[in-house]
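Worksheet for the structure shown next.
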DNA sequence: CGGATACTTGACAAAGTTCAATCGCAGTGG
DNA sequence: CCACTGCGATTGAACTTTGTCAAGTATCCG
């Protein structure tokens with residue numbers, strides 16, 4: 001379900017992911033030992049729909065996306081926020097079991113699933129890196145399950161803010177690309193509880209909220225304590 | 001952290017896992033194209049501890065195990081119940097990020113992680129199957145995250161019972177090898193809520209509980225409705 | 001039979017949700 | 001430039017669900 005078109009602009013990685021770093025180029029981008037196709041999506045666009053055939057593997061170049069699963073009565077669970085360097089589309093089955101949507105303007109590179117598997121068959125390093133990406137996603141998902149099942153609202157928000165700070169490489173300032181509703185659906189809370197808990201952390205002096213999308217961490221130690229325990 | 005000893009008894013698979021079926025033998029068992037070592041653990045034994053170095057990959061031959069993560073105040077999240085045919089120990093990092101404990105007497109086969117990766121390097125099919133196992137775990141974990149984040153107590157219990165029925169290949173009778181506490185920690189509930197919800201489903205005529213560990217599904221359709229929506 | 005363990009039940013408390021109203025800010029048009 | 005509009009975020013109050021604590025029952029096993 002590709003509704004956007006590929007841009008012709010060069011793409012610059014703003015984060016290298018260990019051994020799997022990728023190099024900017026004019027039209028194509030190296031990715032899993034293959035020539036990936038750069039694509040651009042607008043804020044709100046759907047890159048992958050739930051139940052779509054799983055034909056491609058993607059890496060985020062810039063921007064943020066969310067993976068969503070839906071339940072009846074409009075209940076939604078966001079599995080992960082995908083940022084520069086993150087991969088998605090590696091499915092065990094032939095169809096995607098969640099949708100992927102652009103939260104901001106989004107640049108990705110795409111390779112076909114069959115080409116990736118073929119490359120993995122030829123090149124052991126590619127196979128290993130394909131496994132590594134999947135295993136890392138699994139690790140993140142298991143960590144997230146612990147949060148969803150056993151943490152309180154404050155601990156969830158604390159963990160979330162710590163995670164975002166770490167992923168943005170900043171110790172004390174975070175720009176949140178996602179709405180309160182997205183945060184709520186990621187943490188298994190309601191938008192109101194997210195809002196209230198943020199205010200509560202602000203009142204306690206743990207964070208400051210110059211704007212609703214910009215968080216300043218005043219007491220990182222306090223946040224760590226919340227997220228770890 | 002292997003506290004039990006390997007048995008010398010032959011091991012019989014009571015479930016083949018698609019293309020990755022494994023064949024019983026007197027002492028060693030084929031597993032990911034390697035010769036696996038059969039091990040036996042007693043009920044309650046810890047096969048893997050949290051933060052243990054990840055040196056082996058396992059497949060369950062018979063019995064049931066649980067994967068656990070711990071938080072402070074004794075809060076626990078069970079990530080999965082592992083039954084015959086299931087794999088565990090495939091970690092992205094060098095240490096296990098959860099413990100694995102035997103719920104019943106447990107037979108597993110074990111191969112060393114490095115041997116598995118070496119085999120994957122030599123044999124494309126092994127590499128693919130290693131990826132497949134990991135991707136399947138990821139899929140299950142994402143499904144479980146949806147349950148933990150967005151389902152009510154009844155829906156959680158409904159989903160759990162449906163899952164168990166399916167895994168036991170039975171449409172209407174389930175033997176639960178795990179305690180109410182295990183179920184609670186799997187579903188992100190308390191033991192009391194699990195108990196109450198089971199009774200509630202029994203009163204509604206959806207299930208019967210001849211004993212606390214044996215569930216008869218009287219209205220499978222009703223359970224489906226709960227778990228899907 | 002006695003003791004331990006697991007499960008169930010009840011009464012109450014707390015955390016989080018729901019519903020509704022309000023605020024604040026960016027964008028738009030007069 | 002300022003009022004108006006729309007949307008996201010915040011706040012309040014009532015309510016629900018689930019958790020907590022405590023007691024009671026069932027079951028297993030020596």
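Residue numbers (UniProt numbering), protein chains in the order written: chain D, 1 to 229; chain F, 1 to 229. Heads up, the beta-carbon is just placed ideally off N, CA and C, and yes, glycines get one too. Keep in mind that this is a model prediction, so the values were computed, not measured.
Check whether the Cβ atoms of residue i and residue j lie closer than 7 Å to each other.
i                      : j                      : result
residue 50 of chain F  : residue 99 of chain F  : yes
residue 222 of chain F : residue 206 of chain F : yes
residue 79 of chain D  : residue 148 of chain F : no
residue 95 of chain F  : residue 54 of chain F  : yes
residue 135 of chain F : residue 118 of chain D : no
residue 141 of chain D : residue 142 of chain F : yes
residue 120 of chain D : residue 126 of chain D : yes
residue 64 of chain F  : residue 83 of chain F  : yes
residue 174 of chain D : residue 181 of chain D : no
Rounded C-beta distance between residue i and residue j? I'm assuming under 8 Å.
i                      : j                      : result
residue 186 of chain D : residue 81 of chain D  : 7 Å
residue 116 of chain F : residue 106 of chain F : Actually they are not in contact, since the Cβ atoms of residue 116 of chain F and residue 106 of chain F sit about 20 Å apart, beyond 8 Å.
residue 178 of chain D : residue 103 of chain D : 5 Å
residue 170 of chain D : residue 227 of chain D : Contact flag wrong, Cβ pair sits at about 16 Å.
residue 189 of chain F : residue 198 of chain F : Actually they do not touch by this definition, with Cβ atoms about 11 Å apart.
In angstroms, rounded to a whole number, what distance separates the CA positions of residue i and residue j?
i                      : j                      : result
residue 194 of chain F : residue 213 of chain F : 13 Å
residue 34 of chain F  : residue 122 of chain F : 12 Å
residue 69 of chain F  : residue 75 of chain F  : 9 Å
residue 224 of chain F : residue 97 of chain D  : 19 Å
residue 36 of chain F  : residue 47 of chain F  : 16 Å
residue 57 of chain F  : residue 58 of chain D  : 28 Å
residue 218 of chain F : residue 202 of chain F : 9 Å
residue 6 of chain D   : residue 77 of chain D  : Any reading at residue 6 of chain D needs caution, since the residue's pLDDT is 36, under 50, leaving its predicted position unreliable; the model's value is listed next. Going from the Cα of residue 6 of chain D to the Cα of residue 77 of chain D covers about 29 Å.
residue 108 of chain F : residue 62 of chain F  : 7 Å
residue 158 of chain F : residue 137 of chain F : 21 Å
residue 215 of chain D : residue 39 of chain D  : 30 Å
residue 139 of chain F : residue 144 of chain D : 14 Å
residue 152 of chain F : residue 124 of chain F : 43 Å
residue 204 of chain D : residue 44 of chain F  : 43 Å
residue 230 of chain D : residue 196 of chain D : Only positions 1 to 229 of chain D appear in the structure, and residue 230 of chain D is not among them; the question remains open.
residue 200 of chain F : residue 52 of chain D  : 38 Å
residue 166 of chain F : residue 32 of chain F  : 25 Å
residue 269 of chain F : residue 160 of chain F : Limits of chain F in this structure are 1 at one end and 229 at the other, which puts residue 269 of chain F out of reach.
residue 211 of chain D : residue 176 of chain D : 10 Å
residue 133 of chain F : residue 155 of chain F : 27 Å
residue 184 of chain D : residue 220 of chain D : 22 Å
residue 262 of chain D : residue 90 of chain D  : The structure shown has nothing for residue 262 of chain D, since chain D only spans 1 to 229.
residue 86 of chain D  : residue 146 of chain D : 21 Å
residue 101 of chain F : residue 128 of chain F : 28 Å
Could you name the residues that DSSP lists as bridge partners for residue i?
i                      : result
residue 139 of chain D : In the DSSP output, where bridge partners are listed per residue, residue 139 of chain D has none listed.
residue 112 of chain D : D:56
residue 50 of chain F  : Beta-bridge pairing links residue 50 of chain F to no other residue.
residue 62 of chain D  : D:107
residue 207 of chain D : D:217
residue 82 of chain D  : D:65
residue 95 of chain D  : D:53
residue 117 of chain D : DSSP output for residue 117 of chain D lists no bridge partner at all.
For the alpha helix (DSSP H) holding residue i, just list the boundary residues, first then last.
i                      : result
residue 182 of chain D : 180-187
residue 191 of chain D : 191-203
residue 156 of chain F : 153-167
residue 221 of chain F : 220-228
With residue i as the anchor, note down where its beta strand (DSSP E) starts and where it stops.
i                      : result
residue 214 of chain D : 214-217
residue 75 of chain F  : Premise fails: residue 75 of chain F is in no beta strand (DSSP E) and is neither H nor E.
residue 30 of chain F  : 29-31
residue 174 of chain D : 173-175
residue 102 of chain D : 99-102
residue 40 of chain D  : 34-41
Taking only heavy atoms of the ligand SAM into account, decide whether any of them is closer than 6 Å to the Cβ of residue i.
i                      : result
residue 221 of chain D : The model depicted lacks the ligand SAM and carries no ligand whatsoever.
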